[in-house]
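Read the structure below first, then the notes.
In this note's numbering, the protein residues as written are 2 to 625.
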């Protein structure tokens, strides 16, 4: 077949295959156009999941009548200067409107502030209608009907009406978070109306908009993020470890105000929460990255959802470091949803209370729990000195234990956990602490504590497991990890660029106990491996590290493996379920929990304590 020039309609339909994937893609492009036009109000109406009708109305600057024909032509835009590296608008490619018009029936009605009247233009499957006068207020209304009627094969890949409506709602919410000063409305016969009133573009206003989108529980369970490194600013909020979701749909990320779904950012969030969440639970986050537009490429894909950073290691390090620092500085906090779940369980006819956790019924936690449960407790062979874990008296003091508190754990097996009888009233200072004063131990596993205005129930095994893990981890990373010399060096064949990357990070790898060096142009020789790993697949480990360095310019894989081993050791070295504790031991445990970052959840992501406010208890008894 000879080479020939494609028709304009065919070119637009090919472009639509990349830009317009589903109705939600149309809504995204049209709403972004409205925001680029300076709109303070955006109204979206859909029908049939967006396949029958999409109407977006705004009060922006509008399009002048002579420019309407250009607006629907390919690669015509008012948003891009001569510098492709300085993009400060949401749209810039000039492809959305002609792409939509090539596969649907599109009409645009617009009026500028200085215009005496409005004008309208239409496109029907690529056929352009002439511009004609119309009646409209200032702003623009774009109406899309019969989406994909010109490409019926695409209709076969559409999901149901409810799924398409849900995807559209997610797009509007995702954009709305970045523009709190704009009022958004989403309505139609295929959905319940969503209204997001305008707030203001301040930290408080942005958090109020986040609460509109994500629910009022999020601000009560969120930690503020504000960090700067080498010209990159990170702001926003992340959830506390005990407030999680079953998927990552409520992780919102923005780069210079643009909503993105970036693998690097998602990976950094997972890395920052790796120690405090179960493997199949996800944090709730709203993160805003601000940086020089010339250091980020938003022109990776026509949909503009992917970005590329000039220095990905800097961005990842900033996100991981800022989140971990915020979690450490936030102290110990319990999710407010825990108390709500407990109250619901106490009501007549309620389902048994269970904290949100892995879908498989906490299998990973339960397995570890059984391995160190009461059935395996033997005071004669397990002296139960969990607080020093072999790190000595200096380590105990470093972790916030006074001598008398440590001595309480050194007294051996205990006879009784009922501390109410003959116990003096707790000191006022203890009642003022976050976890209060221990009052009793029930079922040989749960510590009941009292504060001035709440009741606290602590899972002693889960809590102490986190404390021991943090002590092990601090000891592990405060000095070089012990390594074991291989009898014969392991030669790993790699692409030359991967071998070069590993050689560049050899000093960092050596701190984690992995000694390697270049062995010719396309291989590395591994001479030492971390002792903690024991028998390990060196070939696979090195290749995994090479892949991670290529993606993120980090060596987190090795660190995460060592941390998992430390977590296993902590599980087996913690206070067992079934061990009786004295009042001094319980209070010592509570005090160290308050001093240890991340102690609101155990190593497996389960909550270590639940707090029930006095006001909630009074409501249960009808006092309020």
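We treat Cβ as the ideally placed atom computed from N, Cα and C, and that holds for glycine. This one's a predicted model, so the numbers in the text were calculated from it and none came from an experiment.
9 Å Cβ cutoff met for residue 292 and residue 257: yes
Backbone secondary structure at residue 60 - three-state DSSP: coil
Cβ pair residue 432, residue 588 closer than 9 Å: no
Spatial neighbours of residue 194 in its chain, beta-carbon cut-off 6 Å, leaving aside the 5 residues before and after: 188
Best match in 254, 441, 469, 450 for proximity to residue 179 [C-alpha to C-alpha]: 254
For residue 40, the nearest candidate out of 114, 25, 99, 9 (CA to CA): 114
Runs of alpha helix (DSSP H) lying entirely within the stretch 453-489, each at least 4 residues, in chain order: 461-478
DSSP three-state assignment for residue 299, whether helix, strand or coil: coil
Integer Cβ distance of residue 471 from residue 599, believed to fall under 8 Å: 7 Å
Nearest-angstrom beta carbon gap, residue 605 and residue 279 [assumed within contact, 8 Å]: 6 Å
Classification of residue 551 by the beta-carbon crowding that lies within 10 angstroms, buried from 16 upward: exposed
Extent of the continuous beta strand (DSSP E) to which residue 593 belongs: Per DSSP, residue 593 belongs to no beta strand (DSSP E); it is in the alpha helix (DSSP H), 584-596.
Helix, strand or coil at residue 509 according to DSSP, with G and I counted as helix: helix
Three-way DSSP call (helix, strand, coil) for residue 20 in this model: helix
Three-state class that DSSP yields for residue 215 in the structure shown: helix
Integer Cβ distance of residue 582 from residue 461, believed to fall under 8 Å: 7 Å
Residue range of the beta strand (DSSP E) that includes residue 448: 447-451
Rounded straight-line distance, which links the Cα of residue 499 to that of residue 507: 12 Å
Selected residue, minimal CA-CA separation from residue 509, among 523, 262, 531: 531
Separation of residue 200 from residue 182, as counted between CA atoms: 5 Å
Nearest neighbour of residue 511, chosen from 538, 480, 495 [CA to CA]: 480
Residues that DSSP places opposite residue 254 in a beta bridge: 261, 288
For residue 144, the first and last residue of its enclosing alpha helix (DSSP H): Element bounds for residue 144: not the alpha helix (DSSP H) but the beta strand (DSSP E), 140-146.
Distance CB(residue 120)-CB(residue 128) smaller than 9 Å: no
For residue 527, the first and last residue of its enclosing alpha helix (DSSP H): Careful: residue 527 lies outside any alpha helix (DSSP H), inside the beta strand (DSSP E) at 524-531.
Proximity winner among 495, 528, 210, relative to residue 545 (alpha-carbon distances): 495
Span of the alpha helix (DSSP H) around residue 162: 162-179
Segment limits, beta strand (DSSP E) that includes residue 155: Counting along the chain, residue 155 falls outside any beta strand (DSSP E), though it belongs to the alpha helix (DSSP H) covering 153-156.
Residue 2, DSSP secondary structure in three states: coil
Residues that residue 442 bridges to, as DSSP identifies them: 448
Own chain residues within Cβ distance below 6 Å of residue 384, not counting five before or after: For residue 384, the predicted model reports a pLDDT of 36, less than 50, meaning its position is unreliable; a value from the coordinates is still stated below. Around residue 384: no qualifying Cβ.
Cβ contact check for the stretch 49-57 and the stretch 141-149: 3 or more pairs under 8 Å: yes
From 231, 516, 224, 25, residue whose alpha carbon lies closest to that of residue 239: 224
Residue 492 beta carbon less than 9 Å from that of residue 613: no
Identified DSSP bridge partners for residue 244: DSSP, once it has assigned bridges, lists no residue as partnering residue 244.
Unbroken beta strand (DSSP E) run spanning residue 611, endpoints: 610-614
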